[in-house]
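The structure appears right after this line, and notes come after that.
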Ligand code: SF4
Ligand code: SF4
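In my numbering, the protein residues as written are 59 to 244.
Dropping the structure here:
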């Protein structure tokens with residue numbers, strides 16, 4: 059487990075370094091487009107995403123400024139370095155709100171993507187980076203990570219379970235929908 063955690067931490071640190079290289083040089087991401095697109099879009103065929111390039115670059119600086127000001131608890135830095143990648147929320151931590159009627163679907167909502175005008179969100183409301191490295195290792199795949207995050211994005215779908223005595227206790231009135239926690243680990 060320690061080795062796994064070291065691997066996850068190393069991947070995140072390398073990604074931070076790569077992002078820094080891209081942002082500071084201004085051309086790093088463009089010179090390494092296949093690397094960028096495989097990490098952020100899960101697709102090395104960079105020519106299919108050329109139109110995104112400049113928007114993603116500007117978005118990177120926008121998000122960096124939000125990290126510096128500590129908005130949303132530091133965004134990417136709020137994900138612990140050694141935590142496993144996630145493709146779904148941790149069901150021991152979060153549950154569907156009893157008032158949410160669409161089950162696991164988000165329906166037409168995309169508030170947690172559109173709040174920052176994420177350039178990876180398509181006009182149809184789909185994420186072009188679904189299941190990519192960035193998506194799994196940072197905030198997107200694991201959303202929500204805490205109640206403050208839910209409130210920040212005004213998400214009506216999720217609730218974070220009550221926290222008792224250092225462990226997340228099952229809410230007696232909670233609704234797991236019979237799902238087991240699922241974590242994508244690689
Ligand atoms: S804010 Fe909540 S309901 Fe809306 S897209 Fe995000 S996770 Fe889904
Ligand atoms: S899940 Fe939303 S915020 Fe995350 S990369 Fe996809 S579109 Fe952007």
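Heads up, the beta-carbon is just placed ideally off N, CA and C, and yes, glycines get one too. Note that the structure is a prediction, hence the values are computed from the model and not measured.
Where residue i and residue j are concerned, what is the direct C-alpha to C-alpha distance, given to the nearest angstrom?
i	j	result
residue 80	residue 123	15 Å
residue 155	residue 203	15 Å
residue 238	residue 148	Summary for residue 238: the model assigns pLDDT 37, below 50, so the residue's position carries little reliability; its value from the coordinates is reported in the next sentence. Spanning the two alpha carbons is a distance of roughly 9 Å.
residue 171	residue 90	25 Å
To the nearest whole angstrom, what separates the beta carbons of residue i and residue j, a pair I think is in contact under 8 Å?
i	j	result
residue 117	residue 185	Residue 117 to residue 185, Cβ: 14 Å. No contact.
residue 133	residue 121	6 Å
residue 73	residue 97	7 Å
Buried or exposed: which applies to residue i, given that a residue is buried once 16 or more other Cβ atoms fall within 10 Å of its Cβ?
i	result
residue 83	exposed
residue 65	exposed
residue 231	Because the pLDDT of residue 231 is 38, which lies under 50, any placement of that residue in the model is unreliable, and the number read from its coordinates should be weighed accordingly. Exposed, because fewer than 16 other Cβ atoms sit within 10 Å of the Cβ of residue 231.
residue 95	buried
Compute the minimum distance between the beta carbon of residue i and the heavy atoms of ligand 4, and state whether it is under 6 Å.
i	result
residue 185	Of the ligands this structure carries, namely ligand 1 and ligand 2, none is ligand 4.
Measuring only from the beta carbon, is residue i closer than 6 Å to any heavy atom that is part of ligand 2?
i	result
residue 61	no
residue 108	no
residue 198	yes
What I want to know is whether the C-beta of residue i ends up closer than 6 Å to one or more non-hydrogen atoms of ligand 1.
i	result
residue 215	yes
residue 169	yes
residue 80	no
Inspect the CB distances between the region 178-189 and the region 201-213 and report whether three or more fall short of 8 Å.
no
Flag this pair as touching only if the region 189-198 and the region 129-145 have three or more C-beta atom pairs under 8 Å; answer yes or no.
yes
Does the region 96-106 come close enough to the region 158-176 that 3 or more CB-CB pairs lie under 8 Å?
no
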